[in-house]
Amino acid sequence: MDLATQPVTEKNRDAYYWRLLATAASFALFGLGGLCLRVLVFPLLGCLPGDARAHRRRARQTVSRLFWFFVRFMARTGVLTYDIQGAERLGRPGQMIIANHPSLIDVVFLIGLVRQANCVVKKSLWENPFTRGPLRSTEYISNDGSMDMLDAAAQALQNGQTLIIFPEGTRTQPGQAPAFHRGAAAIALRGAKILTPVIIKVNPTTLTKAEPWYRIPCRRVHFSFRIGADIDPQTFAAQGPAPQASRKLNDYLHSYFIKELAEDERSES
Numbered sequence: 001m002d003l004a005t006q007p008v009t010e011k012n013r014d015a016y017y018w019r020l021l022a023t024a025a026s027f028a029l030f031g032l033g034g035l036c037l038r039v040l041v042f043p044l045l046g047c048l049p050g051d052a053r054a055h056r057r058r059a060r061q062t063v064s065r066l067f068w069f070f071v072r073f074m075a076r077t078g079v080l081t082y083d084i085q086g087a088e089r090l091g092r093p094g095q096m097i098i099a100n101h102p103s104l105i106d107v108v109f110l111i112g113l114v115r116q117a118n119c120v121v122k123k124s125l126w127e128n129p130f131t132r133g134p135l136r137s138t139e140y141i142s143n144d145g146s147m148d149m150l151d152a153a154a155q156a157l158q159n160g161q162t163l164i165i166f167p168e169g170t171r172t173q174p175g176q177a178p179a180f181h182r183g184a185a186a187i188a189l190r191g192a193k194i195l196t197p198v199i200i201k202v203n204p205t206t207l208t209k210a211e212p213w214y215r216i217p218c219r220r221v222h223f224s225f226r227i228g229a230d231i232d233p234q235t236f237a238a239q240g241p242a243p244q245a246s247r248k249l250n251d252y253l254h255s256y257f258i259k260e261l262a263e264d265e266r267s268e269s
């Protein structure tokens, strides 16, 4: 997998209309790919021998490879550049990957990087005709806010799966610090062996909650993924009852990401 740093230079300031066309082509490709997965690829994969676990493994592998193809397509067509630091530390058994969420395609990057990852995804994606079928085949977890969701996520980690979660629950508002919900911390305390933060920076901002896909920035976007040091959830579990420990872990994670994002901004200025 090509993870080489792709520097942002003046040469990357491509023609606006070409990048707009390439962005439109990328989203059309993503939508058609999701539809093909639902009506063709996953029905064929379901005919292959194996138990439910084998079918899930093939489905996740397929989605991961296609997501990484999508990232590479966007990079090759000039929509974006990226650099990833520490990707080799992702994908360990019982690992919970926690990330901030500045852009729509953060999850595409992370699932593309981690071949067998589970993921907590927005409930609305389960109702989307392009994504409903693939989500069911991969057994990703719907973020419906219920106790069943928390139980399913914790159980996945206890079973040795890698779990990707965005504790904000939605994309960060441009210009604002991330605000974490306590659910991610509760899941980590109940099931994670290790907790690994991923700091995501997007410059200039794009595909935020306030920006439609066609409102592209004046220059090519650069995505930066930095994998932080592992955190042991049990150090917080020992600090009191579950609600108190969850609050302390959530406060720690919130402060950690605010500090790391601020340091990145200072280093760029």
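Note that UniProt numbering has the sequence shown beginning at 1, numbered continuously upward.
Positions of the beta carbon are idealized from the N, C-alpha and C atoms, including for glycine.
Which residue marks the beginning of the beta strand (DSSP E) containing residue i, and which one marks its end?
i, result
"L163", "L163 to I165"
"F180", "That residue, F180, is in no beta strand (DSSP E); it is neither H nor E in DSSP."
"I227", "V221 to I227"
Assuming residue i contacts residue j (C-beta within less than 8 Å), just tell me the rounded distance between them.
i, j, result
"F257", "I199", "7 Å"
"S142", "V114", "Their Cβ separation, rounded to whole angstroms, is 19 Å, which puts S142 and V114 out of contact at 8 Å."
"P134", "F236", "In fact, because the Cβ distance is near 34 Å, the residues do not count as touching under 8 Å."
"K123", "D144", "5 Å"
With a Cβ-Cβ cutoff of 8 Å, do residue i and residue j count as a contact?
i, j, result
"L195", "A188", "yes"
"W213", "F27", "yes"
"G91", "T162", "yes"
"R60", "Q95", "no"
"A229", "I98", "no"
"L29", "F73", "yes"
"R56", "E139", "yes"
"T23", "V63", "no"
"G160", "P93", "yes"
"A153", "G191", "yes"
What residue does the alpha helix (DSSP H) around residue i start on, and which one ends it?
i, result
"P43", "F42 to G46"
"F30", "Y16 to C36"
"L189", "G183 to G191"
"L195", "Careful: L195 lies outside any alpha helix (DSSP H), inside the beta strand (DSSP E) at I194 to N203."
"V71", "A52 to R76"
"T208", "Unbroken run through T208: none, as it is neither H nor E."
"A238", "That residue, A238, is in no alpha helix (DSSP H); it is neither H nor E in DSSP."
Given 8 Å, three or more beta-carbon pairs between the segment 83 to 99 and the segment 26 to 37
no
Restricting to runs no shorter than 3 residues, where is the beta strand (DSSP E) found entirely within the segment 83 to 170?
95 to 99, 118 to 122, 141 to 143 and 163 to 165
At a cut of 8 Å, does the segment 173 to 184 reach the segment 218 to 229 through at least three beta carbon pairs?
no
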